[in-house]
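In the numbering used here, the protein residues as written are 39 to 266.
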């Protein structure tokens, strides 16, 4: 799964690298983006305007918005089958901006039968450039008329590099594939063919501080080397 990520680069740098349109005026560098928080999203391949959606998809038919807390990720293999995702897969795809994400490697049990803490890793493109996660979005309206735009990150089996840390990874779209993903009339088979692991030789990763475990920490200290 993908439960935390970053968008550390300055908005102007992300905008230039990914050929984006208008950016939110209050967009700030983020070191530890967590579910239920606002994330930078693009839905229109023509205007390419960046908007802020809630991370954790709330289907339009949901009675309780809390369902979004369980729908932060969507498995690529079952998008067309799951009621929560199949309509969005066909009609409401999005690209969620990022420049890295975190995953936790499970540790062997320590002596005495106690489990060690899972070790966090920061995973990013070897080039250091920003990218986007393939995502889905939806619009939910409360009985009082409140509108909530929300999204989920699509995951796929991990590539060889990441498989040593976790068995799944988010679907990464680089600059050349973001806009293809957002085109409205792309056949479903072609869309499905894009939901594959990003090449291992273009990925880099390193262990980081356990501070990332707490979403209250959203600062450069999260990226420091771990201290046992």
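Just so you know, even glycine gets a beta-carbon here, dropped at the ideal spot from N, CA and C.
Checking the sheet assignment: what are the DSSP bridge partners for residue i?
i: residue 9; result: Coverage of the chain is limited to positions 39 through 266, which leaves residue 9 absent and any answer about it impossible.
i: residue 162; result: 242
i: residue 207; result: 194
i: residue 78; result: 90
Taking only the alpha-carbon atoms, compute the straight-line gap between residue i and residue j and give it to the nearest angstrom.
i: residue 139; j: residue 250; result: 11 Å
i: residue 192; j: residue 231; result: 13 Å
i: residue 222; j: residue 129; result: 7 Å
i: residue 220; j: residue 48; result: 24 Å
i: residue 261; j: residue 93; result: 22 Å
i: residue 256; j: residue 68; result: 6 Å
i: residue 62; j: residue 87; result: 9 Å
i: residue 118; j: residue 126; result: 9 Å
Assuming residue i contacts residue j under a Cβ cut-off of 8 Å, what Cβ separation, rounded to an integer in Å, is found between them?
i: residue 95; j: residue 176; result: 6 Å
i: residue 78; j: residue 45; result: 6 Å
i: residue 199; j: residue 241; result: 5 Å
i: residue 83; j: residue 122; result: The Cβ separation is near 24 Å, so there is no contact.
Can you give me the Cβ contacts of residue i inside the same chain, cut-off strictly under 8 Å, excluding the 5 residues immediately before and after it?
i: residue 264; result: 157, 158, 245, 246, 247 and 248
Consult DSSP for residue i and reduce its assignment to one of helix, strand or coil.
i: residue 261; result: helix
i: residue 86; result: coil
i: residue 254; result: coil
i: residue 45; result: strand
i: residue 127; result: helix
Which residues in the same chain have their Cβ closer than 7 Å to the Cβ of residue i, if we skip the five residues on either side of it in sequence?
i: residue 149; result: Bear in mind that the predicted position of residue 149 carries a pLDDT of just 38, short of 50, making it too unreliable to give a figure here.
Keeping to the same chain, check which residues put their C-beta closer than 6 Å to that of residue i; ignore five residues upstream and five downstream.
i: residue 243; result: 159 and 161
i: residue 76; result: 90
Closer than 7 Å: is that where the CB of residue i sits relative to any heavy atom of the ligand ADP?
i: residue 254; result: Ligands are entirely absent from the displayed structure, and the ligand ADP is therefore not among its contents.
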